[in-house]
Every structure is written in structure tokens, then in C-alpha cells.
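I have placed the structure first, in the form of C-alpha cells, so that the comments after it can refer back to it.
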Amino acid sequence: MVLAPLLWAMAGVVSRQLESAQRFEVTFWRSCFAGVSLLVLLPLMRWWDGSATASIGRPAIARWWGVSPRSRSFWISGLCWSVMFTAFMLAMTMTSVAHVLVLLAAGPLFTAVLASRVLRQPQPLRTWVAVWVAGAGIVYMFGSQWLQALADPAIDTSRLVIGTLVALCVPIGGAINWTVVQRSQRHGQQIDLVPAVMVGGLLSALGTAALSWPWQASSRDLAWLAFLGVFQLAVPCAIAVICARVLKAAEVSLLAQLEVIFGILLVWWLAGEVPAPQVLVGGSVVLAALVGNELAGWKDRRETPRIQTLSAHAPAETFGGDSS
220 MVLAPLLWAM AGVVSRQLES AQRFEVTFWR SCFAGVSLLV LLPLMRWWDG SATASIGRPA
280 IARWWGVSPR SRSFWISGLC WSVMFTAFML AMTMTSVAHV LVLLAAGPLF TAVLASRVLR
340 QPQPLRTWVA VWVAGAGIVY MFGSQWLQAL ADPAIDTSRL VIGTLVALCV PIGGAINWTV
400 VQRSQRHGQQ IDLVPAVMVG GLLSALGTAA LSWPWQASSR DLAWLAFLGV FQLAVPCAIA
460 VICARVLKAA EVSLLAQLEV IFGILLVWWL AGEVPAPQVL VGGSVVLAAL VGNELAGWKD
520 RRETPRIQTL SAHAPAETFG GDSS
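Positions in the sequence shown are counted from 1; adding 219 to them yields the working numbering.
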């Protein structure tokens, strides 16, 4: 499972190596490569774990790719993934990697708030404390950067605001995604998350195709973007969903937070992008709130409802990591 956040963390440092590709083009190629790679990998994965054999008699798209064409929840999940994939890369081009990753780390808390409202799931006091502490960390991080930007004419304040709002679309989209999937599961409908990731990649590519024209990516850029689509997005998402079948929700959620640490360190070390002190302080507060909440609720999570992943008959536990 540690491999998944390490691969996710490569997004920042790789995006800083691009020469000519612009915002929407970066998103288009990354999502396109991710969607196409899962189109190839999913039939092999479903054959290997027996899902294809268990689905004999179903339409080919359901048997080999796990797509549920008549499930509204499945398509909502795919749409959420597409929003998350698109917003993540756009935010990376608008603000610092550390800033984006800290906002993404708050995803599990967004999910807890939404689930308490929509699914009427009671949340323990420790979770609400974590929500408020993490919120304070985010407000401090953004507020300090905003005040610094106002005092320095060389800093583009609009870029900071837009980048932050776009980045927030990722944890919000993730919260909606997990809530929809859990609600469907309550009604006896299982959602296969890996095909939903594939659909999300393809929808993201379709949605940004026209906006990315004319293409300006060099051959070197395309190689990096192919790496992002396959090894930074498709493969780690599949790894995380598979690991969620055998690990407890708290374990997966904690391990997924390694993406923030790995991502900041890698882009600092390999791309020379030094995180602002405000981001380090605010990010530390957010991570402390998340880790504290998970550790405090370790025993409680043993009975966390499970979410369907690859197998049509083997459920998996919810995990609150990155979907980007």
C-alpha cells in the first residue's frame, strides 16, 4: 500500500518537468493515458481474480470491464472521479504542489461531514474536533498566503484564489463519491470502483479535449504525461482499491496520507520547489488532525462498512486517500 501514495506523490515533481504542455492539455493527456491503460488492464485483472468468469452471461462491458451501465450511482462515481482528475492537475499548474496536497489531505474530513448530513451517520466527537482543527490549519495556510500576496504586488492573488478553489474541488468530489457509493451499498447495490476510475479518466479526457487544442506538448512531455496517466494515476488507484480489500479502513487512510509527505519532499528535492512556511505549518496542523483522528478511532473502524472493489463477491473497506 505504501507504493500507492509514493506513485501518487510523483504528480507534482513530474508536472514541473513539462516543457510545452499547457494546463488543459496536461489534464487531457494524463486522463487519456489513465483511461486507456485501464481499458487494457481491467479485463486482465477481472480474468485473474475470477470476476469475468463469475459474470458469464452479462454484457461484455459489464463482464470484462465491470461497468454498470444502468446504475446511476456508478456514473455519478465516474463523474466525480473525472472532476477530481481534472481539478487536481489544473490546481497543480496554478499554485504550489504543497498547497494542493494539503487541501487534498482534508478529504476524509469532508467525507465525514457529508456522510453525517446525507447518510445520517453519527460522527464521534473526535471527528468533529479533527474537522475544526484541520479547518483552522487550512484557514491559517490560505489566510497567511493571502495577506502576503496583498503585501507583495509581484504575487498574483487571483492565481492563488483560483488555484485554491480548483484544488478544493478534489476533496469535495471525493466526499460526494464515497457518500454516493456508501448510499448505494446501503440499498444493496455494489459499485466497482476501478471501472469507475476508468470512466472518470475517459470523461476527464473528453471534457478537456477541446480546451487543450492546439496541442503543444513535446515528445518529452508526452512521455512524462504517459507516466502520469499510467503509473501515477491508473496503477496506484488500482493498488489502493485492491489493498482496501485486506487492510482496515484506518490503515489505508493513514497510509494514503503519506502522499502529502512524499509529494512535498519529492518536489522540494527534485524540482527545487520550496514550500512556504505557512504551508508547512498549516499542513502540519491538518495532518496532525487527520492522524490523531485515525489513531483515536482505530478500534472503532474495525466495523467500518465495506465498499465493493474488483470482485463481484469480495467487498472492500472504505479508504479516504487521493483519487487524483
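Just so you know, even glycine gets a beta-carbon here, dropped at the ideal spot from N, CA and C.
Original post:
Quick check: the region 292-304 against the region 377-394, are there 3 or more CB pairs under 8 Å?
Top reply: yes
Subject >> Backbone secondary structure at Arg345 - three-state DSSP >> reply: On the sequence shown, residue 345 is found 126 positions in, with the first residue counted as 1. Three-state result, Arg345: helix.
**OP:** Whole angstroms is fine: what's the gap from Val418's alpha carbon to Gly426's?
**Re:** For the purposes of this step, residue 418 is taken as residue 199 along the sequence shown, with counting starting at 1. For the purposes of this step, residue 426 is taken as residue 207 along the sequence shown, with counting starting at 1. Roughly 12 Å separates the two Cα atoms.
Original post:
Just the Cα atoms here: how many angstroms apart are Met360 and Arg282?
Top reply: Translated into positions along the sequence shown, residue 360 becomes position 141. Translated into positions along the sequence shown, residue 282 becomes position 63. Near 47 Å, if we compare the C-alpha coordinates of Arg282 and Met360.
Original post:
What residue range is occupied by the uninterrupted alpha helix (DSSP H) comprising Ser239?
Top reply: As a first step, residue 239 is located in the sequence shown; it is residue number 20 there, counting from the start. First-last for Ser239: undefined, no H or E at that position.
**OP:** Using a threshold of 7 Å, state whether the C-beta atoms of Ala306 and Ala436 are closer than that.
**Re:** Working through the sequence shown from its first residue, we reach residue 306 at position 87. Working through the sequence shown from its first residue, we reach residue 436 at position 217. Not closer than 7 Å, so no.
Original post:
Taking the C-alpha atoms as reference points, what is the distance between Val493 and Thr312?
Top reply: One-based indexing of the sequence shown puts residue 493 at position 274. One-based indexing of the sequence shown puts residue 312 at position 93. Rounded to the nearest angstrom, the two C-alpha atoms are 16 Å apart.
**OP:** Put Arg336 into one of helix, strand or coil per three-state DSSP.
**Re:** Locating residue 336 in the sequence shown gives position 117, where the first residue counts as 1. Three-state result, Arg336: helix.
Subject >> DSSP three-state assignment for Ala394, whether helix, strand or coil >> reply: Position 175 of the sequence shown, counted from the first residue, corresponds to residue 394. Correct three-state label for Ala394: helix.
Original post:
What residue from Thr346, Thr398, Ala507 and Gly407 has the CA that sits closest to Val337's CA?
Top reply: Position 118 of the sequence shown holds residue 337. Cα-wise, what sits closest to Val337 is Thr398.
**OP:** Within the same chain, show all residues whose beta-carbon is closer than 7 Å to that of Leu506, passing over the 5 residues directly before and after it, in chain order.
**Re:** Numbered from its first residue, the sequence shown carries residue 506 at position 287. For Leu506, where only same-chain residues beyond five positions count, the Cβ hits under 7 Å are Ala324, Gln476 and Val479.
Subject >> Endpoints, alpha helix (DSSP H) assigned at Ile295 >> reply: Translated into the one-based positions of the sequence shown, residue 295 becomes position 76. Residues Arg291 to Met313.
Original post:
Using 8 Å as the Cβ pair cut-off and three pairs as the minimum, do the region 258-273 and the region 350-369 touch?
Top reply: no
**OP:** In the DSSP assignment, find the alpha helix (DSSP H) that holds Met229 and state where it starts and stops.
**Re:** Looking up residue 229 in the sequence shown gives position 10. First-last of the alpha helix (DSSP H) with Met229: Met229 to Ser234.
Original post:
Under a three-way DSSP split, which group does Trp351 fall into?
Top reply: Mapped onto the sequence shown, residue 351 falls at position 132. Of the three classes helix, strand and coil, the one that applies to Trp351 here is helix, per DSSP.
**OP:** Could you tell me the boundaries of the alpha helix (DSSP H) in which Gln497 lies?
**Re:** For the purposes of this step, residue 497 is taken as residue 278 along the sequence shown, with counting starting at 1. Note, Gln497: alpha helix (DSSP H), Pro496 to Ala515.
**OP:** Would you check if the region 446-462 and the region 247-259 touch, i.e. whether three or more CB-CB distances between them fall below 8 Å?
**Re:** yes
Subject >> Cβ separation of Gln236 and Trp487, assumed to be a contact under 8 Å, to the nearest whole Å >> reply: In the sequence shown, counting from the first residue as 1, residue 236 sits at position 17. In the sequence shown, counting from the first residue as 1, residue 487 sits at position 268. Actually they are not in contact, since the Cβ atoms of Gln236 and Trp487 sit about 15 Å apart, beyond 8 Å.
Original post:
Can you give the Cα-Cα distance for Ser234 and Val380, rounded to whole angstroms?
Top reply: In the sequence shown, residue 234 corresponds to position 15, counting from 1. In the sequence shown, residue 380 corresponds to position 161, counting from 1. Those two C-alpha atoms are separated by around 20 Å.
Subject >> Own chain residues within Cβ distance below 8 Å of Met303, not counting five before or after >> reply: Here residue 303 refers to the residue found at position 84 of the sequence shown. Cys388, Val389, Gly392, Gly393, Asn396, Gly419, Ser542 and Ser543.
Original post:
What residues in its chain sit with their C-beta under 6 Å from that of Cys456, if we drop five residues either side in the sequence?
Top reply: The residue given as residue 456 occupies position 237 in the sequence shown. Cβ within range, chain order: Val416.
Original post:
Out of curiosity, what's the CA-to-CA distance linking Phe243 and Leu309?
Top reply: Counting from 1 along the sequence shown, the entry for residue 243 is found at position 24. Counting from 1 along the sequence shown, the entry for residue 309 is found at position 90. When rounded, the distance between both Cα atoms is 7 Å.
Original post:
CB-CB under 6 Å to Gly231, same chain, minus the five flanking residues each way: which ones, in chain order?
Top reply: By one-based count along the sequence shown, residue 231 stands at place 12. Counting only Cβ-Cβ distances below 6 Å, and skipping sequence neighbours, we find Val316, Gly482 and Val486.
Subject >> Reference Leu499; option with closest CA among Ala228, Trp266 and Leu322 >> reply: Position 280 of the sequence shown, counting from 1, holds the residue named residue 499. Residue Leu322 is the option with its Cα nearest to Leu499.
Subject >> Best match in His406, Gly269 and Thr314 for proximity to Val385 [C-alpha to C-alpha] >> reply: The sequence position of residue 385 within the sequence shown is 166, counting from 1. Of the candidates His406, Gly269 and Thr314, the one whose C-alpha sits nearest the C-alpha of Val385 is Thr314.
Original post:
Do you know whose CA, among Asp440, Gly502, Arg291 and Leu509, lies nearest Glu238's CA?
Top reply: Position 19 of the sequence shown, counted from the start, is the residue given in the question as residue 238. Measuring from the Cα of Glu238, the nearest candidate turns out to be Asp440.
**OP:** Please report how far the alpha carbon of Ser377 lies from the alpha carbon of Gln364, in whole angstroms.
**Re:** The residue you call residue 377 lines up with position 158 of the sequence shown. The residue you call residue 364 lines up with position 145 of the sequence shown. Each residue's alpha carbon lies about 12 Å from the other.
Original post:
Does the Cβ-Cβ distance between Val460 and Leu412 come in under 7 Å?
Top reply: If you number the sequence shown from 1, residue 460 lands on position 241. If you number the sequence shown from 1, residue 412 lands on position 193. Cβ atoms of Val460 and Leu412: closer than 7 Å.
Subject >> Sequence-distant residues of its chain with Cβ nearer than 7 Å to Glu522 (five each side left out) >> reply: Position 303 of the sequence shown, counted from the first residue, corresponds to residue 522. Unreliable positioning characterises Glu522 in this predicted model, as indicated by a pLDDT of 49, which lies under 50. The coordinate reading is nonetheless provided below. Contacts found: none.
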